[in-house]
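Enquirer:
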Amino acid sequence: MGETSQTESGGENAFASGFAFFLPNFILVKTAGTHDSAGAPALCEGINEGEIVIFDKAYVDFKHLWRLFQRGIFWITRAKDNMTYDVVGQHSAPKLNILRDVVIRLTGQRTCVWYPETLRLIEAIVEVDGNPKRMTFITDNFIWSASSICDLYKTRRTIEVFFKKIKQTLQLSGFIGYNENAVRRQIWTALLTCILLRFIAWQNEWKHTFTRLLTVLRGVIWRCLDMGSVLRCCGTASDPVRMRGAPEQAYLPGFAQL
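Residue 1343 in our numbering sits at position 174 of the sequence shown, and the numbers go up by one each step.
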């Protein structure tokens, strides 16, 4: 499952406030035999001029990035450790957590041919899971502030939160079977479950976390309780829980049930 994204908002906390939990437009399930960057051009075919694409550094392919630049698409990614370049200018002065904001030109034997234009390189201290981390970003956008570039890249976190949710909460960390069909069926079943949970949460105005929602549903799914009132009770503690009607309850008083 890939990790490219257009800019999105969401994440674990967003799920608990107005149910803006990240939900991808599509998911590509493939074998690990091909590198992630090989599928990036196909993933970006439908992206229009002026839109933003954010990549993990596993997707860095300068031939592809050059094509995005020529199409007028802004992209942001992390620089690989072995990337060779020359600094040709200063874009903005360092400030706060921005350590460097410079203009560079690639000097690799092949990369300088694949991407002949200048790039912008930003080195910054970014908070990841509450801890400061030094990161280096590259982008083709020379207009936005360096802090905006960093904040945009941090939106990729929503993808990782989504993967974490379906792996841990929907038990995709281990597989029942290990042939291709078994793995694919378990992945797609988990993804469909995620969509259903999202709809249930939206329908019942659920205000808490994804994990709590699944825990509540697991506890009552085989009981004669109305699911909607259970979720409203667990979410707001204001509505009484209603019993779910059953056919055997439909008989007249005074008559024995057959």
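Every residue gets a Cβ at the ideal spot worked out from N, C-alpha and C, and that includes glycine.
In whole angstroms, what separates the C-alpha of Glu-1220 from that of Arg-1274?
Expert: Residue mapping note: residue 1220 aligns to position 51 of the sequence shown, counting from 1. Residue mapping note: residue 1274 aligns to position 105 of the sequence shown, counting from 1. Distance between the alpha carbons of Glu-1220 and Arg-1274 is about 24 Å.
Enquirer: Do the stretch 1299-1315 and the stretch 1276-1283 meet, that is, are 3 or more Cβ pairs less than 8 Å apart?
Expert: The stretch 1299-1315 vs the stretch 1276-1283: no contact.
Enquirer: If you run the structure through DSSP and keep just helix, strand and coil, what is Glu-1374?
Expert: Here residue 1374 corresponds to residue number 205 of the sequence shown, with the count starting at 1. If DSSP states are grouped into helix, strand and coil, Glu-1374 belongs with coil.
Enquirer: For Leu-1321, report the span of its alpha helix (DSSP H) as first-last.
Expert: On the sequence shown, residue 1321 is found 152 positions in, with the first residue counted as 1. Looking at the DSSP string, the run of the alpha helix (DSSP H) that includes Leu-1321 is 1315-1323.
Enquirer: Measure how close the beta-carbons of Asn-1306 and Tyr-1322 come, nearest whole angstrom, since I'm counting them as under 8 Å.
Expert: Taking the sequence shown and counting its residues from 1, one reaches residue 1306 at position 137. Taking the sequence shown and counting its residues from 1, one reaches residue 1322 at position 153. One point to set straight first is that residue 1306 is Phe, not Asn, in the sequence displayed. That belief holds up - the Cβ atoms of Phe-1306 and Tyr-1322 are roughly 6 Å apart, short of 8 Å.
Enquirer: Do Thr-1287 and Val-1256 have their beta-carbon atoms positioned less than 8 Å apart in this structure?
Expert: On the sequence shown, residue 1256 is found 87 positions in, with the first residue counted as 1. On the sequence shown, residue 1287 is found 118 positions in, with the first residue counted as 1. Taking 8 Å as the Cβ cut-off, Val-1256 and Thr-1287 do not qualify as a contacting pair.
Enquirer: Roughly how many angstroms separate the alpha carbons of His-1233 and Gly-1346, rounded to a whole number?
Expert: Here residue 1233 refers to the residue found at position 64 when the sequence shown is read from its first residue. Here residue 1346 refers to the residue found at position 177 when the sequence shown is read from its first residue. When the Cα atoms are used, His-1233 and Gly-1346 turn out to be separated by approximately 36 Å.
Enquirer: Applying the criterion that 16 or more other CB atoms from any shown protein chain within 10 Å of the CB defines a buried residue, is Arg-1240 buried or exposed?
Expert: Residue numbering aside, residue 1240 sits at position 71 when the sequence shown is read from its first letter. Per the 10 Å Cβ criterion, exposed.
Enquirer: I'd like to know whether the C-beta atoms of Ala-1209 and Asp-1230 end up nearer to each other than 8 Å.
Expert: Reading the sequence shown from its first residue, position 40 is the one you call residue 1209. Reading the sequence shown from its first residue, position 61 is the one you call residue 1230. Their beta carbons are under 8 Å apart, which means Ala-1209 touches Asp-1230 by this criterion.
Enquirer: Do you know whose CA, among Ala-1207, Met-1396, Arg-1381 and Leu-1290, lies nearest Ala-1227's CA?
Expert: Taking the sequence shown and counting its residues from 1, one reaches residue 1227 at position 58. The shortest Cα separation from Ala-1227 among Ala-1207, Met-1396, Arg-1381 and Leu-1290 belongs to Ala-1207.
Enquirer: Among the candidates Ile-1216, Asp-1225 and Arg-1269, whose CA atom is the shortest distance from the CA of Thr-1327?
Expert: Taking the sequence shown and counting its residues from 1, one reaches residue 1327 at position 158. Taking only the C-alpha atoms, the option nearest Thr-1327 is Asp-1225.
Enquirer: Where in the stretch 1321-1352 do unbroken runs of the alpha helix (DSSP H), each at least 4 residues long, occur, reported from the N-terminal end onward?
Expert: Uninterrupted alpha helix (DSSP H) stretches at least 4 residues long and entirely within the stretch 1321-1352 occur at 1326-1337, given in chain order.
Enquirer: Using only the alpha-carbon positions, how far apart do His-1260 and Cys-1319 sit?
Expert: Within the sequence shown, residue 1260 is the residue found at index 91, counting from 1. Within the sequence shown, residue 1319 is the residue found at index 150, counting from 1. Whole-angstrom Cα-Cα distance: 15 Å.
Enquirer: Compute the Euclidean distance between the alpha carbons of Arg-1269 and Ala-1201, then round it to the nearest angstrom.
Expert: Here residue 1269 refers to the residue found at position 100 when the sequence shown is read from its first residue. Here residue 1201 refers to the residue found at position 32 when the sequence shown is read from its first residue. For Arg-1269 and Ala-1201, the distance between alpha carbons rounds to 35 Å.
Enquirer: Could you spell out where the beta strand (DSSP E) holding Gly-1258 opens and where it closes?
Expert: Counted from its first residue, the sequence shown places residue 1258 at position 89. Run containing Gly-1258: 1254-1259, per the beta strand (DSSP E) assignment.
Enquirer: What would DSSP say about Leu-1288, mapped onto helix, strand or coil?
Expert: Counted from its first residue, the sequence shown places residue 1288 at position 119. Strand at Leu-1288.
Enquirer: CB-CB under 7 Å to Cys-1363, same chain, minus the five flanking residues each way: which ones, in chain order?
Expert: As a working note, residue 1363 is residue 194 in the sequence shown. Same-chain partners within the cutoff: Ile-1335 and Leu-1339.
Enquirer: With DSSP run on the structure shown, which of helix, strand or coil describes Phe-1224?
Expert: The sequence position of residue 1224 within the sequence shown is 55, counting from 1. Reduced to three states, the DSSP call for Phe-1224 is coil.
Enquirer: So for Leu-1197, helix, strand or coil by DSSP?
Expert: Walking along the sequence shown from the start, residue 1197 turns up at place 28. DSSP places Leu-1197 in coil when its eight states are reduced to three.
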